[in-house]
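A.B. asks: Just so we're aligned: 71 in my numbering is position 71 of the sequence shown, and the numbers increase by one with no gaps anywhere. Supplied in structure tokens, the structure appears directly below.
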Amino acid sequence: MTTRSTPPQPLAGAYVDAPAIHRERLSTQQIQGRSCCWCSGTPSPRFPVPILRDAPLYACAPCAAMYGVPAVEADQ
């Protein structure tokens, strides 16, 4: 009898193959949360990326899906 194995899920808060984020390389729009922190696309408040303490970084939906950023409710 064989069973299907499920791929291991990333730990909460662990991003999968995400490029490193360096504050000195981010644009003003990215630091202010007006652009995705990885691709400069339109960010979504549903996908916060809590990497920097003093900057509200967000991911766009495609980057969030690609790198495993969990969604949160928009009103938080």
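We treat Cβ as the ideally placed atom computed from N, Cα and C, and that holds for glycine. Note that the coordinates shown come from a computational prediction; the quantities given were computed from them, not determined experimentally.
Under the assumption that S44 contacts A61 (Cβ atoms under 8 Å), give the Cβ distance between them as a whole number of angstroms.
C.D. replies: To locate residue 44, count along the sequence shown from 1; it is residue 44. To locate residue 61, count along the sequence shown from 1; it is residue 61. Going by Cβ atoms, the distance from S44 to A61 rounds to 6 Å, so yes, they are a contact pair.
A.B. asks: Would you kindly work out how many angstroms separate the C-alpha atoms of C63 and A55, rounded to a whole number?
C.D. replies: As a working note, residue 63 is residue 63 in the sequence shown. As a working note, residue 55 is residue 55 in the sequence shown. C-alpha separation (whole angstroms): 18 Å.
A.B. asks: What separation, rounded to the nearest whole angstrom, lies between the Cα atoms of R46 and E73?
C.D. replies: By 1-based counting over the sequence shown, the position of residue 46 is 46. By 1-based counting over the sequence shown, the position of residue 73 is 73. Those two C-alpha atoms are separated by around 6 Å.
A.B. asks: Between the Cα of T42 and the Cα atoms of I51, L57, P50, R53, which residue gives the shortest distance?
C.D. replies: The sequence position of residue 42 within the sequence shown is 42, counting from 1. When only C-alpha atoms are compared, the closest one is L57.
A.B. asks: When the Cα of A18 is compared with those of M66, P70, A71, which residue comes out closest?
C.D. replies: Here residue 18 corresponds to residue number 18 of the sequence shown, with the count starting at 1. Out of M66, P70, A71, M66 has the C-alpha closest to the C-alpha of A18.
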